[in-house]
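According to our numbering, the sequence shown is numbered sequentially starting from 10.
Right, one structure below, let's go through it.
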Amino acid sequence: MVEIRLFLIGSDNFGVLLHDPATGATATIDAGEEAPIVAALAETGWTLTDILVTHHHGDHIAGVEGLKRRFGAKVTAPAHDAGRIPGIDATVKEGDAVRVGSLVATVIETPGHTLGHIAYHFAAEKLLFSGDTLFALGCGRLFEGTPDQMWTSLNKLAALPDDTQVYCGHEYTLSNARFALRYDGDNPALAARAAEVERLRAEGRFTVPSTIGQERATNPFLRAGDPAVAKAVGLPGGKPAAVFAALREAKNRG
Ligand code: ZN
Ligand code: FE
């Protein structure tokens with residue numbers, strides 16, 4: 010059985026280590042900062058073998074070179090962003106297999122937040138590392154891609170099995186929940202989850218991982234095809250991609 014260590018880097022970036030007991034291999038998904046990842050490795054006793062990068066933003070790669078130097082870990086990153094990520098050993102594209110010891114992830118290209126953004130899906134373990142594409146109850150800002158690209162990317166992730174556990178790049182869930190309630194307040198599954206998120210954060214606990222099933226039921230950005238959400242954002246009867254774009258615009262305004 011795979012083991013996972015989840016921790017914070019800075020105020021809201023998630024650090025996450027994935028450990029394969031069968032081989033001793035350990036991956037960090039992204040590397041926003043060296044020191045907290047080294048500390049998490051020391052606490053677990055695991056030795057870093059792999060660095061899986063989702064996208065080129067500094068809060069996801071600033072620790073890559075230091076960790077590679079320290080552990081000799083192999084760096085896997087999206088081919089599209091090869092020029093913007095240091096220390097790459099392997100570039101990957103849609104559908105490529107990425108091995109961490111005996112574990113295997115499939116690469117899912119998810120342009121939108123950045124054009125080169127990828128997610129890592131470990132199908133056998135039912136784990137998704139979604140970076141800054143799909144957040145718990147939210148989605149990433151569109152820094153490089155179009156709303157249509159992001160909508161397509163989110164739907165690729167939403168099509169994974171409902172019991173897939175989702176590890177995202179940031180603990181943004183509380184503010185996402187409050188935003189979601191403004192546009193999907195009559196959704197009882199969302200109301201229940203928002204209350205749970207308020208409680209978890211009040212206790213200082215993480216809201217991650219969620220599951221694809223939970224996100225499909227409660228994440229307003231995945232529910233852009235729902236008539237109630239379309240109406241709430243001012244586009245009754247609107248196409249899902251247009252509703253998604255309007256929702257993302259509303260979130261940008263706060
Ligand atoms: Zn980012
Ligand atoms: Fe980020």
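All C-beta atoms, glycine included, are put in the ideal place defined by N, C-alpha and C.
- Gly147 counts as buried, since no fewer than 16 other beta carbons sit within 10 angstroms of its beta carbon.
- Collapsing the DSSP output to three states places Lys83 in a strand.
- Here Arg14 is bridged, per DSSP, to Leu26.
- Secondary structure of Ile117 (DSSP, three-state): strand.
- In the three-state DSSP reduction, Phe152 falls in the coil class, being neither helix nor strand.
- The C-alpha of Ala82 lies about 13 Å from the C-alpha of Leu26.
- Setting aside the 5 residues that flank it on each side, Tyr129 is surrounded in the same chain by Ile38, Leu61, Val107, Ala114, Val116, Phe138, each with a C-beta closer than 7 Å to its C-beta; the list follows chain order.
- Judged by DSSP secondary structure, Val238 falls within the alpha helix (DSSP H) whose first and last residues are 236-241.
- If you draw a straight line from the Cα of Pro245 to the Cα of Ala91, it comes to about 42 Å.
- Our two residues, Leu17 and Leu50, have alpha carbons roughly 13 Å apart in a direct line.
- Scanning the segment 163-240 for uninterrupted beta strand (DSSP E) segments of 3 residues or longer gives 174-177, listed from N- to C-terminal end.
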